Amino acid sequence: MKTLLPNLAPLLVVLFCLGCCACLRKSMETASGASIQNSGSDTMVNVAQAWAEEYARIEPGNSVEVSGGGSGTGIAALINGTVDIVNSSRKMEAGERIKAKQSRGIDPKEFIVGYDALAVYVHRANPLDEITLDQIGDIYREHGAVQRWSHLGVSIPGCKDGEIILVSRQSNSGTYHYFREAVVGKKSDFKLGSLDLHGSKDVVELIGRTPCAIGYSGMGYATHEVKMLRVARKQGDPAFPPRPETTLTRQYPIARPLYLYTAGEPPPHVRKYLDWILSPAGQKIVTESGYVALPQSSVEK
Amino acid sequence: MISERAMETLIRLCGFSTILFIFAIFFFVFREGSGFLFTGFRPLEFFFSPQWYPTSQSNVRYGALALIAGTAGVTVMSMMFAVPFGLGAAIFLSEFCGPRVRETLKVTIELLAAIPSVVWGFIGLTIMNSLIIQIFGAPIGLTVLNGGLILALMSVPIIVSVGEDALKAVPDSYREAAMALGATRWQMVWRVLLPAARNGLLAAVLLGVGRAIGETMAVLMATGHAVRIPVSPLDPVRTLTATIAAELGEAPVHSEHYQVLFLIGILLFTITFAVNLIADLVVKGVRGQS
Chain H
1 MKTLLPNLAP LLVVLFCLGC CACLRKSMET ASGASIQNSG SDTMVNVAQA
51 WAEEYARIEP GNSVEVSGGG SGTGIAALIN GTVDIVNSSR KMEAGERIKA
101 KQSRGIDPKE FIVGYDALAV YVHRANPLDE ITLDQIGDIY REHGAVQRWS
151 HLGVSIPGCK DGEIILVSRQ SNSGTYHYFR EAVVGKKSDF KLGSLDLHGS
201 KDVVELIGRT PCAIGYSGMG YATHEVKMLR VARKQGDPAF PPRPETTLTR
251 QYPIARPLYL YTAGEPPPHV RKYLDWILSP AGQKIVTESG YVALPQSSVE
301 K
Chain X
1 MISERAMETL IRLCGFSTIL FIFAIFFFVF REGSGFLFTG FRPLEFFFSP
51 QWYPTSQSNV RYGALALIAG TAGVTVMSMM FAVPFGLGAA IFLSEFCGPR
101 VRETLKVTIE LLAAIPSVVW GFIGLTIMNS LIIQIFGAPI GLTVLNGGLI
151 LALMSVPIIV SVGEDALKAV PDSYREAAMA LGATRWQMVW RVLLPAARNG
201 LLAAVLLGVG RAIGETMAVL MATGHAVRIP VSPLDPVRTL TATIAAELGE
251 APVHSEHYQV LFLIGILLFT ITFAVNLIAD LVVKGVRGQS
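In order, the protein sequences belong to chains H and X. Per my numbering: the first sequence = residues 1 to 301. Per my numbering: the second sequence = residues 1 to 290.
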């Protein structure tokens, strides 16, 4: 017993410390009026950062902290209670709303803050100019028939092999989810073997360096090394390029609204920020970032 | 003036806490992932199906074969480069070079170890990518080869450090005896030193393997993150570690997807444990023979 206690004491100290750490529950409360946590979609991270900077300029004392991580990551953070506003480039799913209700009793409130067209990018040297939704679906869908550029009737200088290299996004991305819903089909899945990249910009950069590649990303990310295909809804329909005009009229088939979500009715300082985003000043930033602003006639309450 | 007792207690605390932390980590990972083990886990699908669709709306499948093949492929490729270069460098540093060259080389190799892994990933994503496309004419440079090269460069410093220590630990009497019997330098290294330092060199290689299996950021960026079983070194792949890094953020806490990702963590733990255990047994066996 004499030798047991001195040996046991350090062990007990360490156990006690670990126990304390395990029991601590950190409650996330936003500081009143001082800081707004904003995370989510990588597609929207640039425009969110631009909003935050402009807002900090006109309302000093308020800071908005912006981070990316993907729409899925942001929504998970909303469910866990670690962010005030979530950017999402896809609609929140029924399952996620149920989870939010169950785990924190919240009913997420949705705000539409702009529109984005999802462009289909290929390398600048690719002779293809137009494509239909069905063809894109066959390229990307599991068990889809199109696997080589020859199936589409093109041969690309610089692409010896002829195999289509699919560039996609990781599954935490709202762009990924929206593309699955709009093109691949909710009942199907993506083909395995696509290169799943982290961000919207990465997709375009990779395609710019890879003649055999095809990929999808927001239209605001275009560079000189790539080209955006015109998309037709069906074979025989006119094909439209991704532009603000074709996005608003829904002529371009792969266009989506950009969402902001809060946990229920937002507190006054967050509400003020949201109202500013929906105002002409905030919408001007949306246009400058390469997206499509809300038409003047529809303003969210 | 700290008393003797206090120092002893402090050191004992450090010793105990290491064991405690390992157990705590294992307990945490197991607790988060084990829920799925008992409800709906299909081992045949998990280990033998390449179809990884955790976020499917229609048909959720958790087949990790492609991910395991990715980790294995990249690790094997990296060891194919790292072991000859690493051991060769260790032998050179220990036996063949003069003291000034040795100091310079050691500093350089340690600098290699100090480069953060995300920087290595970036190098793989930009420089190696273009190089592989140019040299091999491959359609894309984010491949097993790219990941393997980057991991080799990351593992070499460990293999060199530990390997050189192992060779230094061989007593000089061995070297003198070999020279006295008329052996050339290389014969001495090949036939006397390497067999004598076998344990340490094996430990060095296994530390390198451990580094390669556990690396996340560099392979996430350099391998293309594509779910497919590689058939050639010029195929893009995805590793187990990169999958956890990319998907854990969006998996709602305690959902099935979340638990499966922790299961992958358990799998990684098990693989590393098995590698270390085999190493231990081989080393013991080797010691038993000699």
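Beta carbons: idealized from backbone N, C-alpha and C, even for Gly. For clarity, every value in this text was computed on a predicted model and none was experimentally measured.
With a cut-off of 8 Å, does the C-beta of residue i fall near any C-beta of chain H?
i                         : result
serine 232 of chain X     : no
isoleucine 25 of chain X  : no
alanine 222 of chain X    : no
isoleucine 140 of chain X : yes
alanine 274 of chain X    : no
valine 253 of chain X     : yes
proline 171 of chain X    : no
proline 227 of chain X    : The residue asked about is misnamed: residue 227 of chain X is valine in this sequence, not proline. It does: the Cβ of valine 227 of chain X has a partner Cβ on chain H nearer than 8 Å.
glycine 124 of chain X    : no
alanine 246 of chain X    : yes
Give the secondary structure of residue i by DSSP, where H, G and I count as helix, E and B as strand, and everything else as coil.
i                         : result
methionine 228 of chain H : strand
aspartate 196 of chain H  : strand
arginine 317 of chain X   : The requested residue 317 of chain X is not part of the displayed model; chain X covers only 1 to 290.
proline 257 of chain H    : strand
isoleucine 278 of chain X : helix
asparagine 172 of chain H : coil
serine 94 of chain X      : helix
arginine 141 of chain H   : strand
threonine 223 of chain X  : coil
glutamate 256 of chain X  : helix
glycine 33 of chain H     : For glycine 33 of chain H, the predicted structure reports a pLDDT of 49, less than 50, and the residue's modelled location is therefore unreliable. A value from the coordinates is still provided. Coil at glycine 33 of chain H, not helix or strand.
alanine 222 of chain H    : coil
leucine 294 of chain H    : coil
leucine 8 of chain H      : helix
valine 146 of chain H     : coil
serine 27 of chain H      : Model confidence at serine 27 of chain H stands at a pLDDT of 37, short of 50, so the residue's coordinates are unreliable and nothing is read from them.
leucine 206 of chain H    : helix
serine 78 of chain X      : helix
threonine 287 of chain H  : helix
isoleucine 150 of chain X : helix
leucine 166 of chain H    : strand
Looking at C-alpha atoms only, which residue of the options is the closest neighbour of residue i?
i                           : options                                   : result
threonine 126 of chain X    : X:Asn199, X:Ala218 and X:Val231           : X:Ala218
glutamate 65 of chain H     : H:Ser71, H:Glu288, H:Ser39 and H:Tyr261   : H:Ser39
isoleucine 115 of chain X   : X:Ser232, X:Thr104 and X:Val156           : X:Val156
valine 83 of chain H        : H:Thr262, H:Leu274, H:Ile277 and H:Val292 : H:Thr262
methionine 221 of chain X   : X:Glu176, X:Leu207, X:Ala90 and X:Thr239  : X:Thr239
phenylalanine 26 of chain X : X:Ile278, X:Leu277 and X:Phe273           : X:Phe273
glutamate 32 of chain X     : X:Leu263, X:Leu267 and X:Leu268           : X:Leu263
aspartate 138 of chain H    : H:Met92, H:Gly162, H:Ser188 and H:Glu96   : H:Ser188
valine 226 of chain H       : H:Val184, H:Trp276, H:Phe179 and H:Asp129 : H:Asp129
glutamine 57 of chain X     : H:Leu195, H:Arg209, H:Met228 and H:Tyr176 : H:Tyr176
glutamate 181 of chain H    : H:Leu133, H:Pro244, H:Pro241 and H:Gly282 : H:Leu133
leucine 153 of chain X      : X:Met77, X:Ala183, X:Cys14 and X:Val29    : X:Met77
alanine 52 of chain H       : H:Gln37, H:Arg97, H:Gly185 and H:Arg233   : H:Gln37
histidine 143 of chain H    : H:Phe190, H:Arg233 and H:Gln296           : H:Phe190
glycine 70 of chain H       : H:Pro60, H:Asp116, H:Asn87 and H:Asn80    : H:Asn87
aspartate 196 of chain H    : H:Gly74, H:Ser173 and H:Gly185            : H:Ser173
methionine 228 of chain H   : H:Ile207, H:Leu248 and H:Val13            : H:Ile207
arginine 42 of chain X      : X:Asp235, X:Arg61 and X:Ala226            : X:Arg61
phenylalanine 38 of chain X : X:Phe269, X:Leu281 and X:Gln259           : X:Gln259
leucine 260 of chain H      : H:Thr43, H:Pro211 and H:Ala213            : H:Thr43
asparagine 62 of chain H    : H:His269, H:Asp237, H:Leu278 and H:Gly290 : H:His269
asparagine 126 of chain H   : H:Pro157, H:Val120 and H:Ala100           : H:Pro157
Does the beta carbon of residue i come closer than 8 Å to any beta carbon on chain X?
i                         : result
lysine 186 of chain H     : yes
asparagine 126 of chain H : no
aspartate 107 of chain H  : no
serine 27 of chain H      : With a pLDDT of 37 at serine 27 of chain H, under the threshold of 50, the predicted position of this residue should be treated as unreliable, though the coordinate-derived value follows. So, not an interface residue.
aspartate 189 of chain H  : yes
aspartate 138 of chain H  : no
lysine 284 of chain H     : no
Fully enclosed by the region 83 to 139 of chain H, which beta strand (DSSP E) runs are 3 residues long or longer?
Listed in chain order, they are 85 to 88, 109 to 123 and 130 to 132.
Listed from N- to C-terminal order along the chain, which residues in the region 30 to 54 of chain X have their beta-carbon within a distance smaller than 9 Å of any beta-carbon of chain H?
Pro50, Gln51, Trp52, Tyr53 and Pro54
Only counting runs of 4 or more residues, tell me where the alpha helix (DSSP H) segments fall wholly within the region 3 to 56 of chain X, in order along the chain.
Runs of the alpha helix (DSSP H) spanning 4 or more residues and lying entirely within the region 3 to 56 of chain X occur at 4 to 38 and 43 to 48, in chain order.
Residues of the region 56 to 82 of chain X in Cβ contact with chain H at a cutoff of 8 Å, in chain order, please.
Ser56, Gln57, Ser58, Asn59 and Ala66
Under 7 Å, CB to CB, which of the residues in the region 9 to 23 of chain X have a partner in chain H?
If the cut-off is 7 Å between Cβ atoms, the region 9 to 23 of chain X has Thr9, Arg12, Leu13, Phe16, Ser17 and Leu20 near chain H.
Tell me which residues of the region 157 to 175 of chain H have at least one Cβ-Cβ distance to chain X shorter than 8 Å, keeping chain order.
Of all residues in the region 157 to 175 of chain H, those with a C-beta nearer than 8 Å to a C-beta of chain X are Cys159, Lys160, Asp161, Glu163, Ile165, Gln170, Ser171 and Asn172, reading in chain order.
Please name the residues in the region 68 to 91 of chain H whose beta-carbon is closer than 7 Å to at least one beta-carbon of chain X, in chain order.
Gly69, Gly70, Gly72, Thr73, Ala76, Ile79 and Asn80
What residue ranges within the region 169 to 219 of chain X form continuous beta strand (DSSP E) runs of no fewer than 3 residues, ordered along the chain?
none
Can you check the region 111 to 146 of chain X for any alpha helix (DSSP H) of at least 4 residues that lies completely inside it and give the ranges in chain order?
117 to 123 and 129 to 136
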